[in-house]
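Heads up, the thing below is written out as structure tokens.
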Amino acid sequence: MDCVVIGAGVSGLSSAIRLLEAGHNVRVLAREFSPDLVSDVAAALWYPFLAHPIEKTDRWGAETYTELMRLGEEEPMSGITMRFGREYLREVVELPGWRKDITHFRVLESGEIPEGWIFGWEFESPIIEMYHYMPWLLQRTRDLGGIIEENEVEDLAEISAEVIVNCSGIGARELCQDTEVKPVRGQIIYINQDPGFGRFDQQPETLTYTIARRDCTVLGGTAQSDDWSLELRDSDRETILQKCEAVWPELDRSKIIGESVGLRPSRSEVRLESEKINDTLIIHNYGHGGAGVTLSWGCADEVVSLIEESYE
Ligand SMILES: Cc1cc2nc3c(=O)[nH]c(=O)nc-3n(C[C@H](O)[C@H](O)[C@H](O)COP(=O)(O)OP(=O)(O)OC[C@H]3O[C@@H](n4cnc5c(N)ncnc54)[C@H](O)[C@@H]3O)c2cc1C
0 MDCVVIGAGV
10 SGLSSAIRLL
20 EAGHNVRVLA
30 REFSPDLVSD
40 VAAALWYPFL
50 AHPIEKTDRW
60 GAETYTELMR
70 LGEEEPMSGI
80 TMRFGREYLR
90 EVVELPGWRK
100 DITHFRVLES
110 GEIPEGWIFG
120 WEFESPIIEM
130 YHYMPWLLQR
140 TRDLGGIIEE
150 NEVEDLAEIS
160 AEVIVNCSGI
170 GARELCQDTE
180 VKPVRGQIIY
190 INQDPGFGRF
200 DQQPETLTYT
210 IARRDCTVLG
220 GTAQSDDWSL
230 ELRDSDRETI
240 LQKCEAVWPE
250 LDRSKIIGES
260 VGLRPSRSEV
270 RLESEKINDT
280 LIIHNYGHGG
290 AGVTLSWGCA
300 DEVVSLIEES
310 YE
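In terms of numbering that gives the first Met the number 0, the sequence shown opens at residue 0 and continues consecutively.
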């Protein structure tokens, strides 16, 4: 089939790759490209965060975990490594459904939990270095024969294709008049220091993370709903540092090397469904919130399945 993918973020490129692998012709149209996307700002840890519905995100997340781990082993240029991390919680909660789908998960002993938290778990998860991963995704798309074009789409009806895959992220607000898509602003800090294992408190109100890449650690975070500002804020920087110091007292502020900010394309639920406009099949794949990387391959596989089902 002739497919047009709108968007060259992690959702668009993963979908493009799966479509090409399934034998479709693919043209990717995007207004902006890496390194200017929220996909480039992603920290990026595999961890289902700020994305719903859970029944689906658990499945998409599990499929993506397996694929990211495979890429880490077989494609060194993709920039994926496996790391241990510890999630700390301020209350005892039900264990996440995805725990059975990952390589390592255990509940922490009380002596392993810092003061101020009462519960937690240790997990192993892929860390995706987006400054390697985004170029790798683009190259893989091209290597498979995908065509990539800079182009702003104003109306889905203007595109001539058998299938349109809409991966426009926050752009879906205008493109589909979907006011349910809202920004959740995230500011991060890069530090040239390794925490050994990652330390996390991933409740939106207290969001704290130390994500160790091979060459630096990403400190976060903020999750400010409906906040469109891409300016770095001193107050956010200070809050992030204080939160990270609470879980990582050895943090050395003199080793900070940079910072960034991005807008997560949040929605009450990820929109992954098909519709028909005239004779064109549209598959929407946007609204992944804080888990666009975590869900990317599971969602891309479902994009291909939805197309196959429609033409059965
Ligand atoms: C600080 C921070 C940390 C994060 N950490 C993580 C993490 O650890 N793990 C994780 O899984 N996720 C994380 N995320 C979330 C992740 O970044 C997003 O969920 C993901 O990048 C969304 O990808 P996307 O491809 O849907 O959107 P985008 O990357 O925004 O791509 C959208 C694409 O659509 C194009 N587009 C939009 N409108 C149009 C139009 N009208 N015409 C043509 N093109 C259009 C854009 O130009 C762009 O190419 C984080 C986000 C932030 C801000």
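By construction, the Cβ of each residue, glycine as well, lies at the ideal position given by its N, Cα and C atoms.
It should be emphasised that the depicted structure is a prediction, and the values quoted were computed from it without experimental measurement.
Asked                                                                                 : Found
Candidates PHE118, ASP154, GLY257: closest to LEU94 by CA position                    : PHE118
Contact check, SER33 vs VAL302, beta carbons under 9 Å                                : no
Nearest-angstrom Cβ-Cβ length linking GLU258 and ILE188, presumed shorter than 8 Å    : 5 Å
Among MET68, PHE122, THR216, the one whose alpha carbon lies nearest that of HIS103   : PHE122
Expected contact under 8 Å - CB spacing of THR207 and THR216 to nearest Å             : The Cβ separation is near 13 Å, so there is no contact.
Ligand 1 heavy atom lying under 8 Å from the CB of TYR46                              : yes
Burial state of SER295, where buried means 16 or more other Cβ atoms lie within 10 Å  : buried
Check: THR140 C-beta below 8 Å from any heavy atom of ligand 1                        : no
Cα-Cα separation between GLU114 and LEU240, rounded to whole angstroms                : 17 Å
CA-to-CA distance, THR56 to PRO125, given in whole angstroms                          : 17 Å
Contact under 9 Å by Cβ, LEU28 with VAL152                                            : yes
heavy atom of ligand 1 below 8 Å from GLY6 C-beta                                     : yes
Proximity of VAL333 and SER228 at Cβ, strictly below 9 Å                              : Beyond the ends of the chain as shown, which are 0 and 311, falls residue 333; an answer cannot be given.
Coil, strand or helix - VAL4 by DSSP                                                  : strand
Exposure of THR337, with buried meaning 16 or more beta-carbon neighbours within 10 Å : Past the edges of the chain, shown from 0 to 311, lies residue 337, and the structure says nothing about it.
Check: GLY11 C-beta below 8 Å from any heavy atom of ligand 1                         : yes
Nearest-angstrom Cα separation, counted from VAL180 out to MET76                      : 33 Å
For ARG198, the first and last residue of its enclosing beta strand (DSSP E)          : 197 to 200
Any non-hydrogen atom of ligand 2 closer than 8 Å to ARG184 Cβ                        : Judged by which ligands are present, ligand 2 is missing from the structure shown, whose ligands are ligand 1.
Simplified DSSP assignment, three categories, for HIS51                               : coil
Closest Cα partner of HIS327 within the set GLU54, VAL164, GLU204, LEU262             : Residue 327 is absent from the structure shown; the chain starts at 0 and stops at 311.
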